[in-house]
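Engineer: Pasting a structure here, questions to come.
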Amino acid sequence: MNIGRLFLIFSLLFVSILSFSQGKKVVLKGKIVSASRNDAIQNASVYLPKTQLGTISGEDGKFILEIPEDNQKDTIIFSLIGYKPFITTVNQLNPKSGIFVELEDSLFLLNEVVAICFDNIDALKWKSKKESQSKTMLSFATRKIDNVSNYINLLKEQHGYTKLKGNSLKWKNVIIPDIKNKVDYHVSFFRCPYCPEDENVVVTIEIYDNKKVNLAEDLRYKKIVIRHFQNLLDKTFAQGIDHNQLEKRGEIMYLKKATEPYTGKCYGYFDNGQKGLRGEYTNGLRDGYWEFWYSNGNKKVEGSYNQGLKSGDWTYWYSDGIVRMKATYIDDQMDGMNMWYYESGKKKKEALYKDGVYLQKTEWDENGKIIDATNYIHN
């Protein structure tokens with residue numbers, strides 16, 4: 609082991625001791641290997657940008673890094689010259705099962721004069737230092753890893769669930785409008801070597817038809833696939849931010865680490881790729897139309913809020929798609945005639961409210977027989 613490496617290790621250990629003297633910690637233990645050869649990667653950097661938290665992998669590719677509680681939502685980067693850096697957030701890693709990171713051979717643009725634009729997809733030629741042939745791939749840069757996560761969620765919703773492996777995902781037999789045959793595509797993301805900030809990320813998309821034709825190069829389809837994936841990227845930003853990026857303080861929602869209440873659209877997804885919610889906040893309160901789904905894809909609830917309070921008509925469903933309840937609200941209080949239903953679809957109960965106060969109700973059994981009819985008098 610050379611002196612320079614020893615100095616780096618002791619420096620990082622010294623910084624770690626200072627950093628972890630207080631607060632809860634999570635201990636990240638794992639191994640870094642080459643994706644193409646499965647060999648252990650030595651001297652790979654593991655670090656949190658804009659902090660002094662970091663370490664390097666040993667001869668066996670293994671690493672250990674302790675992360676304070678305040679940094680567990682931060683970006684973490686695994687990198688070594690010659691490989692694509694792997695970028696994610698600390699809370700996306702699973703320290704309990706051990707962390708296994710595969711680094712792919714690095715790519716570089718054949719013409720570095722060509723700008724890679726933030727959130728704008730183009731077909732660019734990339735080449736690996738270990739391969740003789742270049743590849744044309746749909747490419748864009750984005751400022752935060754959260755943007756990549758949001759885009760991947762939308763791709764899962766559009767094209768079906770697939771499992772993340774390292775810093776890449778693959779879809780097979782996907783239908784894209786205006787392309788006759790089904791396509792396969794491979795999405796990769798890594799730290800952008802052509803961007804100003806460490807947290808900036810490049811996303812590349814390799815896309816082939818069933819004859820292994822690269823559609824990013826084929827003049828018949830190049831514009832079609834760019835338009836398709838750009839529309840999905842635009843939709844990612846149009847629908848707002850992932851609900852997981854928000855936190856509740858009292859009754860008000862904020863972007864994590866933000867000082868002002870959040871205003872804007874948001875959405876959420878289940879782990880299987882199914883959408884979970886859509887809505888909008890104004891000054892940290894739910895506002896306007898909101899939708900919620902079950903993990904099987906069926907609608908769960910829909911209705912509107914006014915400054916955080918339910919307002920107007922709301923509908924609730926059972927998980928199999930049968931209506932469970934229809935209600936009307938004024939300032940979060942039930943008002944007017946509200947209806948409940950059995951899972952068979954038959955009426956279960958109807959109740960009349962005024963400003964949240966019960967006035968009368970009628971209930972039925974599952975055979976349609978009235979079992980209760982009550983009027984209430986309120987002075």
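When the sequence shown is numbered by my numbering, its final residue is 987 and no position is left out of the sequence of numbers.
Yeah, the Cβ is synthetic: ideal placement off N, Cα and C, and Gly gets one too.
(1) Glu674 and Lys633: beta carbons closer than 7 Å?
(2) On the premise that Leu777 lies in contact with Leu840, defined as a C-beta separation below 8 Å, what is that separation, rounded to the nearest angstrom?
(3) If Lys733 and Thr744 are in contact, beta carbons under 8 Å, what's the gap, nearest whole angstrom?
(4) In angstroms with no decimal places, state the Cα-to-Cα distance between Lys773 and Gly884.
(5) What first and last residue would you give for the alpha helix (DSSP H) that runs through Phe837?
(6) DSSP on Lys764, reduced to helix/strand/coil?
(7) Hey, how far is the Cα of Ser919 from the Cα of Glu859?
(8) Does the count of Cβ pairs from the region 809-819 and the region 747-767 closer than 8 Å reach three?
(9) Along the chain, where does the beta strand (DSSP E) that runs through Tyr889 open and close?
(10) So the candidates are Gly881, Phe878 and Asn891; which of them puts its Cα closest to the Cα of Gly872?
(11) Mind pulling the beta strand (DSSP E) runs of 3 or more residues that sit fully within the region 652-733?
(12) Start and end of the beta strand (DSSP E) containing Ala959?
(13) Measuring straight from C-alpha to C-alpha, what distance separates Gly905 and Ala981?
(14) Could you check if Val709 is buried or exposed, using at least 16 other CB atoms within 10 Å of its CB as the buried criterion?
(15) Taking Cβ to Cβ, would you say Glu971 is nearer than 7 Å to Tyr950?
(16) Between Ala935, Met861, Ile979 and Lys956, which has its C-alpha nearest Lys962's C-alpha?
(17) Quick one: residues in its chain with C-beta nearer than 8 Å to the C-beta of Ile760, no 5 flanking neighbours on either side, listed in chain order?
(18) Below 8 Å, can you find three or more Cβ-Cβ pairs linking the region 678-686 to the region 695-702?
(19) Going straight from the alpha carbon of Ile930 to that of Glu958, what length do you get?
(20) Let me know if Tyr937 comes out buried or exposed under the rule of 16 or more other beta-carbons within 10 Å of its beta-carbon.
(21) Which residue comes first and which comes last in the beta strand (DSSP E) that contains Asp921?
(22) Look up Gln741 in the DSSP assignment and say whether it is helix, strand or coil.
(23) Leaving out the 5 sequence neighbours to the left and right, which residues in its chain are closer than 8 Å to Asp552 when beta-carbon positions are compared?
(24) So the beta strand (DSSP E) Gln968 belongs to, where does it begin and stop?
(25) Pull up the distance between the alpha-carbon of Ala824 and that of Tyr924, whole angstroms please.
(26) Given a cut-off of 7 Å on the beta-carbon distance, is the pair Ile664 and Asn646 in contact?
(27) Alpha carbon to alpha carbon, what distance is there between Leu854 and Asp879?
(28) Going along the chain, which residues of its own chain have a beta-carbon closer than 7 Å to the beta-carbon of Ser757, five neighbours each way excluded?
(29) Report the rounded CA-to-CA distance for Pro785 versus Asp842, giving the unit in angstroms.
(30) If we call anything under 7 Å between Cβ atoms a contact, is Gly876 one with Arg894?
(31) In whole angstroms, give me the CA-to-CA distance for Pro804 and Val833.
(32) Give me whichever residues DSSP pairs with Phe748 in a beta bridge.
(33) Pick helix, strand or coil for Asn758, following the three-state DSSP scheme.
Structural biologist: On the basis of the data shown:
(1) yes
(2) Going by Cβ atoms, the distance from Leu840 to Leu777 rounds to 14 Å, so no, they are not a contact pair.
(3) 5 Å
(4) 23 Å
(5) Lys830 to Ala846
(6) helix
(7) The C-alpha of Glu859 is placed about 18 Å away from the C-alpha of Ser919.
(8) yes
(9) Lys883 to Thr890
(10) Ranking Gly881, Phe878 and Asn891 by Cα distance to Gly872 puts Asn891 first.
(11) Complete beta strand (DSSP E) runs here, min 3: 653-655, 662-664, 670-676, 683-687, 694-697, 707-711 and 715-717.
(12) Lys955 to Lys962
(13) 37 Å
(14) Buried: at least 16 other Cβ atoms inside 10 Å.
(15) no
(16) Comparing Cα positions, the closest option is Ala935.
(17) Leu772, Leu777 and Val795
(18) yes
(19) Taking the straight line from one Cα to the other gives about 17 Å.
(20) buried
(21) Leu917 to Trp925
(22) coil
(23) Nothing can be reported for residue 552, as the shown portion of the chain is limited to 609 through 987.
(24) Val965 to Trp972
(25) 44 Å
(26) no
(27) 18 Å
(28) Spatial neighbours of Ser757 in its own chain (CB-CB distance under 7 Å, excluding positions within 5 residues in sequence) are listed in chain order as Asp850.
(29) 17 Å
(30) No, the pair does not count as a contact, with Cβ atoms beyond the cut-off.
(31) 28 Å
(32) Per DSSP, the beta-bridge partners of Phe748 are Val811.
(33) helix
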